[in-house]
Amino acid sequence: MYICFTRFLNVSLSNIYQLYRSMEEENVILSFKGIITADLLTSVLHLMEAKMEKMDEAPRTRKRVFSILVECLQNIYHHLDDNPTEVDFEAHNRSAVVLISKVNNQFLIRTGNCINIPKIMELKERLDMINSLDKDGLREMYQTSLSEAAMSPKATAGLGMIDIARKSGNKLDYEFLEIDSKIGFFCLNILID
Amino acid sequence: MSLTTLHILPTAFTPEVKFDPTTGKFEIKGRSIPENAHEFYNPLIDWVKNYSEIPAGSTSVDVYFEYLNTSSSKSLMHLFNVLGTISGKQVSINWLHTQDDEAMKEAGEDFNTIVNLPFNIVATDTI
Chain A
1 MYICFTRFLN VSLSNIYQLY RSMEEENVIL SFKGIITADL LTSVLHLMEA KMEKMDEAPR
61 TRKRVFSILV ECLQNIYHHL DDNPTEVDFE AHNRSAVVLI SKVNNQFLIR TGNCINIPKI
121 MELKERLDMI NSLDKDGLRE MYQTSLSEAA MSPKATAGLG MIDIARKSGN KLDYEFLEID
181 SKIGFFCLNI LID
Chain B
194 MSLTTLHILP TAFTPEVKFD PTTGKFEIKG RSIPENAHEF YNPLIDWVKN YSEIPAGSTS
254 VDVYFEYLNT SSSKSLMHLF NVLGTISGKQ VSINWLHTQD DEAMKEAGED FNTIVNLPFN
314 IVATDTI
């Protein structure tokens, strides 16, 4: 065996292989890390749709995964869009990470993005509320939020998260991490039945 | 002032729209998943506001979505609410979905529950 390497930079070259291996082991279909812009969002959705077309999935599953991904990405996009007026959200805090993988025949969408610490409580309460409801409860919450949203055009009323919970058929798995006194990190796992 | 037919061609993320003010036959078909749906739907809502002052004898709206995001659902609520202001004339919504699209059927049922208009939810294979 012949191994050859040239190293100019002070960065381990094998890191990328380790990253590749772990993504391979986790069956990652698509991953992205960076600032979520409207253009990027569009590209990721096109890419995911093209990838799923090549996979041997029931059209029903494909549709559900795609719909949930749309809501996830647009949630992050709008959430990050809301922030600059509040705490100064620096550029590196405006990026997000998204990973879509297939685990034991189930699709898993994982997202991570920065969030202002003061916003955490409200989001946590909403997620806990969503997780406490069954199918009928979610339907009722969605319908109430949708009629309220029609009254006040600006309010998003958290429709996206309710929709994700309804479509995935699973609880929303989440965690908040503290980066510093102002900024936290919101991790969300969505398993799709 | 008379309204002219509103026709918007579909894009990858927005539906085709055909509103004929003379016949009262309206159609919205395709994908509706833009991140800021109000930018797409507000001109439609404005058009329908004008239409509601001089509506046709009856208005029938065929709605079919392959994909529908929550941002679009909010705008649709506005649109349906404006249609609901038409008084003395018949207005009905035909919510079409493919046989196997349970999610889109549910989306129609959600609207049916909260919108004050006659709603027909129709499973079809010919769209």
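Protein sequences, first through last, are from chains A and B. Each residue of the first sequence is one higher than the last, beginning at 1 in this note's numbering. Each residue of the second sequence is one higher than the last, beginning at 194 in this note's numbering. Here a beta-carbon is modelled for each residue, glycine too, at the ideal position from N, C-alpha and C.
If contact means a Cβ-Cβ distance below 7 Å, which residues of the region 162 to 191 of chain A contact chain B? From the region 162 to 191 of chain A, only D163 and K167 have a Cβ closer than 7 Å to chain B.
Count the other CB atoms within 10 Å of the CB of E86 of chain A; is the residue buried (16 or more) or exposed (fewer)? Interpretation of E86 of chain A is limited by its pLDDT of 48, a score under 50 that renders its predicted location unreliable; no figure is taken from the coordinates.
Comparing alpha-carbon positions, which option in B:L261, B:L202, B:K222 and B:Y244 lies nearest D297 of chain B? A small fix is needed here, since residue 297 of chain B is Met in this sequence, not Asp. Ranking B:L261, B:L202, B:K222 and B:Y244 by CA distance to the CA of M297 of chain B puts B:L261 first.
Run down chain B in chain order and give the residues with a C-beta less than 8 Å from the C-beta of F66 of chain A. Within chain B, the residues Y260 have their CB atoms less than 8 Å from the CB of F66 of chain A, given in chain order.
Residue-level contact to chain B via CB, V70 of chain A, 9 Å cutoff: yes
Going along chain B, which residues have a C-beta under 8 Å from S43 of chain A? Here the premise fails: no neighbours, minimum Cβ distance about 11 Å.
Assuming contact is defined by CB atoms lying nearer than 9 Å, are S67 of chain A and K171 of chain A in contact in what I supplied? no
N- and C-terminal bounds of the alpha helix (DSSP H) containing L269 of chain B: First-last of the alpha helix (DSSP H) with L269 of chain B: T263 to L276.
Any idea if D294 of chain B is buried or exposed, counting beta-carbon neighbours within 10 angstroms, 16 or more meaning buried? buried
Residues bridged to K218 of chain B (per DSSP): B:D213 and B:S253
Run the CB neighbour count on K63 of chain A, radius 10 Å, all protein chains shown included, and call it buried at 16 or more, exposed below. By the Cβ neighbour-count rule, K63 of chain A is buried, with 16 or more other Cβ atoms within 10 Å of its own.
Cβ-based neighbour list, V254 of chain B, same chain, cut-off 8 Å, excluding 5 preceding and 5 following: Within the same chain, V254 of chain B has close Cβ partners F219, E220, I221, L276, V284, S285, I286 and N287.
Cβ pair V98 of chain A, I192 of chain A closer than 9 Å: no
Considering Cα atoms alone, identify which of A:Y17, A:G158, A:L9 and A:M48 is closest to K102 of chain A. Distance check between K102 of chain A and each of A:Y17, A:G158, A:L9 and A:M48 places A:M48 closest, using alpha-carbon atoms only.
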